[in-house]
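**Student:** I'd like to ask you about the structure that follows.
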Amino acid sequence: MKITEITMTKAEFAFNKPFEIAFAVLYGFQTMVLRIDTDEGISGYGEAGPLEYVTGDNLDTCMVIADEFRKKLIGTDPTAIQNIHTVMDSMYHGHTAVKAAFDIACYDIAAKKMGVPLYKYLGGSDPHLESDVTIGISTPEAMAEDCLEWKNKGFSILKIKLGHDIVSDSARMKAIRKTVGDDVILRVDANQGWSLKETLQIEPLLKELNIELIEQPLRDFDFEGMKEIKMRSTLPIIADESCHLPADALRLASMRACDGMNIKLMKCGGIEPALRINAIAEAADMFCMLGCMGESVIANTAAMHVAAARRNISKIDLDITFFSHCDWITGGFVSEGGKITLSDEPGIGIQVNGF
Ligand SMILES: [Mg+2]
1446 MKITEITMTK
1456 AEFAFNKPFE
1466 IAFAVLYGFQ
1476 TMVLRIDTDE
1486 GISGYGEAGP
1496 LEYVTGDNLD
1506 TCMVIADEFR
1516 KKLIGTDPTA
1526 IQNIHTVMDS
1536 MYHGHTAVKA
1546 AFDIACYDIA
1556 AKKMGVPLYK
1566 YLGGSDPHLE
1576 SDVTIGISTP
1586 EAMAEDCLEW
1596 KNKGFSILKI
1606 KLGHDIVSDS
1616 ARMKAIRKTV
1626 GDDVILRVDA
1636 NQGWSLKETL
1646 QIEPLLKELN
1656 IELIEQPLRD
1666 FDFEGMKEIK
1676 MRSTLPIIAD
1686 ESCHLPADAL
1696 RLASMRACDG
1706 MNIKLMKCGG
1716 IEPALRINAI
1726 AEAADMFCML
1736 GCMGESVIAN
1746 TAAMHVAAAR
1756 RNISKIDLDI
1766 TFFSHCDWIT
1776 GGFVSEGGKI
1786 TLSDEPGIGI
1796 QVNGF
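All residue numbers for the sequence shown refer to the numbering used here, where the first residue is 1446 and numbers rise by one.
Below, the structure written as structure tokens:
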């Protein structure tokens, strides 16, 4: 099989309402949607969801780099995924969101060629998974109300964005637990917003409120601090911004600096490196979460297939499509509350109309 053409387009998606995290307020997102055509009549879709302060690239750099990859990859075999990555990595360091777009489209093609949904192509058997939904930072009252609304929509796992200061963050968590009751799983993500001292100060309260885990309390580079928190905390600590590439996963694993890792296709460069991160984590007896960034059904569904195919990926944070909608990209999965069932269509199982 040979790639005959690669086409990219910019796409824009708006959030239903503004979304605040520790270091930004987000109103919507833009992505690059990509289609790879082959000489066997099979086409695959991929997507790059760049976020400058996380991946270092933006939509314009994505389009430029994608065009460079396009020139080198036309004529090659899209199912030879290792070769696709070798070509991309030999051209540019980083640019993981663009690499993810090509990687996802190639996996879509490979699974379609086999006539199976991607999770089966990756070795999985169960199309069901349950995602949390993320609650942005606001006042304790507004967040508690937001949490109750999602609980009433059928979500039983909520990921709470924190990281402002521990006094107000403590008030937030007390209000939320009181409002949603004890039958909801609550996990928190500080998005690098706390110091080591603050994390150790707030941890006993989080433990008392039966919080499931703490995500990325410290700055991304502070592996030593993460290790110290991991040793002194009774709650599981997971790395997100500290864990981009398989090499980061290896460093976190060898330092025993966390209990789990949050994999995102846009941070690591796609499904193939995501599988390597998970393998490193699993060998170190660390669990993985599969998370997302600003991306549509394409990349989000691809991530769901990866999560469904790997037993060590036990936490799912693939909620972006619950906040935004899109009528020209459809399919992929159905959901009831946070409970997701993947489509049994070959590949990722999405339909893209007009592109
Ligand atoms: Mg995070």
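Even glycine gets a Cβ: it sits at the ideal position worked out from N, Cα and C.
Give the DSSP-derived three-state secondary structure of cysteine 1733 in the structure shown.
**Tutor:** Stepping through the sequence shown from its first residue, residue 1733 is reached at position 288. Here cysteine 1733 sits in strand by DSSP.
**Student:** How many Å lie between asparagine 1576 and valine 1742 at the Cα?
**Tutor:** Locating residue 1576 in the sequence shown gives position 131, where the first residue counts as 1. Locating residue 1742 in the sequence shown gives position 297, where the first residue counts as 1. A small correction: the amino acid at residue 1576 is serine; asparagine does not occupy that position in the sequence shown. C-alpha separation (whole angstroms): 14 Å.
**Student:** Nearest to isoleucine 1611 by CA position, among Thr1624, Lys1642, Cys1592, Ile1487, is which residue?
**Tutor:** Translated into the one-based positions of the sequence shown, residue 1611 becomes position 166. Here the closest residue by C-alpha is Lys1642.
**Student:** Helix, strand or coil for histidine 1573? Go by DSSP, reduced to three states.
**Tutor:** Reading the sequence shown from its first residue, position 128 is the one you call residue 1573. Three-state DSSP puts histidine 1573 in a strand.
**Student:** If we count Cβ pairs, one from each stretch, closer than 8 Å, do we get three or more for the stretch 1493 to 1503 versus the stretch 1693 to 1711?
**Tutor:** The stretch 1493 to 1503 is in contact with the stretch 1693 to 1711.
**Student:** Isoleucine 1519 and leucine 1479 - do their beta-carbons sit closer together than 8 Å?
**Tutor:** On the sequence shown, position 34 is the one that residue 1479 refers to. On the sequence shown, position 74 is the one that residue 1519 refers to. In this structure, isoleucine 1519 does not lie closer than 8 Å to leucine 1479 by Cβ.
**Student:** Count the other CB atoms, across all protein chains shown, that sit within 10 Å of the CB of asparagine 1461; report buried if there are 16 or more and exposed otherwise.
**Tutor:** Within the sequence shown, numbered from 1, the residue matching residue 1461 stands at position 16. With fewer than 16 Cβ atoms within 10 Å of its Cβ, asparagine 1461 is classed as exposed.
**Student:** What does the alpha-carbon distance come out to for the pair glutamine 1637 and isoleucine 1683?
**Tutor:** Taking the sequence shown and counting its residues from 1, the one referred to as residue 1637 is at position 192. Taking the sequence shown and counting its residues from 1, the one referred to as residue 1683 is at position 238. The alpha-carbon atoms of glutamine 1637 and isoleucine 1683 are separated by roughly 12 Å.
**Student:** Looking at the structure shown, is phenylalanine 1600 part of a helix, part of a strand, or coil, going by DSSP?
**Tutor:** Taking the sequence shown and counting its residues from 1, one reaches residue 1600 at position 155. Coil.
**Student:** Mind listing, in chain order, the residues whose beta carbon lies closer than 7 Å to a non-hydrogen atom of ligand 1?
**Tutor:** Counting every residue whose Cβ lies closer than 7 Å to a heavy atom of ligand 1, we get Asp1634, Asn1636, Glu1660, Gln1661, Asp1685, Glu1686, Asn1707, Gly1736.
**Student:** Would you give the residue range spanned by the alpha helix (DSSP H) that asparagine 1798 belongs to?
**Tutor:** Here residue 1798 refers to the residue found at position 353 of the sequence shown. Neither: asparagine 1798 is in no alpha helix (DSSP H) and is coded neither H nor E.
**Student:** Quick check on the DSSP output: what are the complete alpha helix (DSSP H) runs of length 4 or more inside the stretch 1627 to 1690, in order along the chain?
**Tutor:** Qualifying alpha helix (DSSP H) stretches, in chain order: 1641 to 1653, 1668 to 1677.
**Student:** How is the alpha helix (DSSP H) around leucine 1763 delimited, first residue to last?
**Tutor:** Stepping through the sequence shown from its first residue, residue 1763 is reached at position 318. From DSSP, leucine 1763 is part of no alpha helix (DSSP H); its letter is neither H nor E.
**Student:** Serine 1583 by DSSP, collapsed to three states: which one?
**Tutor:** For this step, residue 1583 is matched to residue 138 along the sequence shown. It is coil, neither helix nor strand.
**Student:** Which runs of the beta strand (DSSP E) fall wholly inside the stretch 1456 to 1497 and span at least 3 residues, in chain order?
**Tutor:** Those beta strand (DSSP E) runs which fall completely within the stretch 1456 to 1497 and span 3+ residues are 1469 to 1483, 1488 to 1493.
**Student:** Identify which residue in Phe1458, Val1470, Gly1501, Ile1448 has its Cα closest to the Cα of threonine 1483.
**Tutor:** Residue mapping note: residue 1483 aligns to position 38 of the sequence shown, counting from 1. The option with the nearest alpha carbon to threonine 1483 is Ile1448.
**Student:** Thinking isoleucine 1716 and threonine 1746 are a contact (beta carbons under 8 Å), I'd like their distance in whole angstroms, please.
**Tutor:** As a working mapping, residue 1716 is identified with position 271 in the sequence shown. As a working mapping, residue 1746 is identified with position 301 in the sequence shown. No, isoleucine 1716 and threonine 1746 are not in contact; Cβ-Cβ is about 12 Å, not under 8 Å.
**Student:** When you compare each of Met1738, Glu1740, Leu1720, Val1797 to phenylalanine 1732 by their alpha carbons, which one comes out closest?
**Tutor:** Within the sequence shown, the letter at position 287 stands for residue 1732. Of the candidates Met1738, Glu1740, Leu1720, Val1797, the one whose C-alpha sits nearest the C-alpha of phenylalanine 1732 is Leu1720.
**Student:** Using three-state DSSP, classify glutamate 1790 as helix, strand or coil.
**Tutor:** Taking the sequence shown and counting its residues from 1, the one referred to as residue 1790 is at position 345. Three-state DSSP puts glutamate 1790 in coil, outside helix and strand.
**Student:** Counting along the chain, where does the beta strand (DSSP E) carrying methionine 1706 start and finish?
**Tutor:** Looking up residue 1706 in the sequence shown gives position 261. Unbroken beta strand (DSSP E) run through methionine 1706: 1705 to 1709.
**Student:** Take histidine 1573 as the anchor and find which of Thr1679, Asp1627, Phe1778, Leu1650 has the nearest alpha-carbon.
**Tutor:** Stepping through the sequence shown from its first residue, residue 1573 is reached at position 128. It is Phe1778 whose Cα lies nearest to the Cα of histidine 1573.
**Student:** In this structure, does DSSP put glutamate 1590 in helix, strand or coil?
**Tutor:** The residue labelled residue 1590 in the question sits at position 145 within the sequence shown. Helix.
**Student:** Please state if the CB of isoleucine 1580 and the CB of isoleucine 1554 are separated by a distance shorter than 8 Å.
**Tutor:** Indexing the sequence shown from 1 puts residue 1554 at position 109. Indexing the sequence shown from 1 puts residue 1580 at position 135. Not closer than 8 Å, so no.
**Student:** Specify whether the stretch 1759 to 1773 and the stretch 1507 to 1523 touch according to this definition: at least 3 beta carbon pairs, one from each stretch, less than 8 Å apart.
**Tutor:** Contact between the stretch 1759 to 1773 and the stretch 1507 to 1523 is absent, because fewer than three Cβ pairs lie under 8 Å.
**Student:** On the criterion of 16 or more Cβ atoms from any shown chain inside 10 Å, does lysine 1516 qualify as buried, or is it exposed?
**Tutor:** By one-based count along the sequence shown, residue 1516 stands at place 71. Classification for lysine 1516: exposed.
**Student:** What's the call for serine 1535, buried or exposed, on a 16-neighbour Cβ count within 10 Å?
**Tutor:** Working through the sequence shown from its first residue, we reach residue 1535 at position 90. Result: exposed.
**Student:** What separation, rounded to the nearest whole angstrom, lies between the Cα atoms of leucine 1663 and proline 1585?
**Tutor:** Locating residue 1663 in the sequence shown gives position 218, where the first residue counts as 1. Locating residue 1585 in the sequence shown gives position 140, where the first residue counts as 1. About 22 Å.
**Student:** Taking only the alpha-carbon atoms, compute the straight-line gap between leucine 1680 and serine 1640 and give it to the nearest angstrom.
**Tutor:** In the sequence shown, counting from the first residue as 1, residue 1680 sits at position 235. In the sequence shown, counting from the first residue as 1, residue 1640 sits at position 195. Answer to the nearest angstrom: the Cα atoms are 17 Å apart.
**Student:** Could you round the C-beta distance between arginine 1677 and leucine 1697 to whole angstroms and report it? I think they count as a contact, below 8 Å.
**Tutor:** Along the sequence shown, one-based indexing puts residue 1677 at 232. Along the sequence shown, one-based indexing puts residue 1697 at 252. No, arginine 1677 and leucine 1697 are not in contact; Cβ-Cβ is about 17 Å, not under 8 Å.
**Student:** Hey, quick one: how far does the alpha helix (DSSP H) through serine 1535 stretch, first residue to last?
**Tutor:** On the sequence shown, residue 1535 is found 90 positions in, with the first residue counted as 1. 1526 to 1536 is the span of the alpha helix (DSSP H), which, as asked, contains serine 1535.
**Student:** Mapping the DSSP letters down to three states, classify isoleucine 1611 as helix, strand or coil.
**Tutor:** As a working note, residue 1611 is residue 166 in the sequence shown. If DSSP states are grouped into helix, strand and coil, isoleucine 1611 belongs with the helices.
**Student:** In this structure, how does DSSP classify serine 1741 when only helix, strand and coil are distinguished?
**Tutor:** One-based indexing of the sequence shown puts residue 1741 at position 296. Correct three-state label for serine 1741: coil.
**Student:** Valine 1625 and glutamate 1660 - do their beta-carbons sit closer together than 8 Å?
**Tutor:** Taking the first residue of the sequence shown as position 1, residue 1660 is located at position 215. Taking the first residue of the sequence shown as position 1, residue 1625 is located at position 180. Contact flag unset, no.
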